[in-house]
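Visitor: Take this structure, written in structure tokens, and hold onto it; I'll ask about it next.
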Amino acid sequence: MKRFAYYIMGPSGAGKDSVMAEVSRHFGEQISRPTRYITRKQAVSDAEQHNVLSANTFEEFAEKSCFSLYWEANGFYYGYDKQWLRDLESGKIVLLNGSRSYWEVAKKRHGDQLCPIYLDLSLENQTARLTGRGRESAEEITARISRSAELQHIANHEEIHHLNADQPLESVVKDFIALLLSHSQNQRN
Numbered sequence: 000m001k002r003f004a005y006y007i008m009g010p011s012g013a014g015k016d017s018v019m020a021e022v023s024r025h026f027g028e029q030i031s032r033p034t035r036y037i038t039r040k041q042a043v044s045d046a047e048q049h050n051v052l053s054a055n056t057f058e059e060f061a062e063k064s065c066f067s068l069y070w071e072a073n074g075f076y077y078g079y080d081k082q083w084l085r086d087l088e089s090g091k092i093v094l095l096n097g098s099r100s101y102w103e104v105a106k107k108r109h110g111d112q113l114c115p116i117y118l119d120l121s122l123e124n125q126t127a128r129l130t131g132r133g134r135e136s137a138e139e140i141t142a143r144i145s146r147s148a149e150l151q152h153i154a155n156h157e158e159i160h161h162l163n164a165d166q167p168l169e170s171v172v173k174d175f176i177a178l179l180l181s182h183s184q185n186q187r188n
């Protein structure tokens, strides 16, 4: 059976890291949730643990082809090294926290290995969640809301699977697990 890396995307505040953490707990050893490299310091409110790099170091790593996927969003650089590809080869189900604006590039590079999942979130709930997590300033929240509106068209690609992130976390996780199981079943047939 062919395994996929699930490229999870959606607006800031959609709960990507929280959903991925719960799905990882559910499937245990079958899941790989590779650590991202980000040019943002760790915050207490971060659901995701990541490796912090300076912008200069990140750019140096990118120039040396250390990343299989990398992008810039919200004033920071984000990237994955090549470990997820090895995890995929070993038969693991891989969960990647991706970028909407980078999806087209990711699809060109690794399209046959990626299954895109979009967490849909209303602007009202996005604003409430970003305010509640306390990581961004009011100006940064406004910029992220604006970016969400600008990138909404990406959600319309027909290959993208959608999950409703306006519902409680437990419901999103249940829907995500059902999607993974259904997708796996379809790959067997």
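Position 66, counted from 1, in the sequence shown is what numbering that gives the first Met the number 0 calls 65; the numbers after and before it change by one each time, with no gaps. We put the beta carbon where it would ideally sit given N, CA and C, even for glycine.
Could you pull out every residue in the same chain whose Cβ sits closer than 7 Å to the Cβ of E158, ignoring the five residues on either side in sequence?
Guide: Excluding positions up to five away in sequence, the list reads P115.
Visitor: To which residues of the same chain is A148 closer than 8 Å at the C-beta, ignoring the five residues directly before and after it?
Guide: Only L122 meet the Cβ criterion.
Visitor: Report the option in V22, L68, N55, Y77 whose CA atom is closest to the CA atom of H49.
Guide: The residue with the shortest Cα to Cα distance from H49 is Y77.
Visitor: Hey, how far is the Cα of D16 from the Cα of N55?
Guide: Near 26 Å, if we compare the C-alpha coordinates of N55 and D16.
Visitor: Taking the beta carbon of N163 as the centre, do at least 16 other beta carbons fall within 10 Å, making it buried, or is it exposed?
Guide: Under this definition N163 is an exposed residue.
Visitor: Between M19 and the rest of its own chain, which residues show a CB-CB distance below 7 Å, the 5 nearest in sequence each way excluded?
Guide: These residues qualify, in order along the chain: I7, R32, L94, N96.
Visitor: At a cut of 8 Å, does the region 71 to 90 reach the region 118 to 134 through at least three beta carbon pairs?
Guide: No, they do not touch.
Visitor: Between L113 and A4, is the Cβ-Cβ spacing less than 7 Å?
Guide: Result yes, Cβ atoms of L113 and A4 sit closer than 7 Å.
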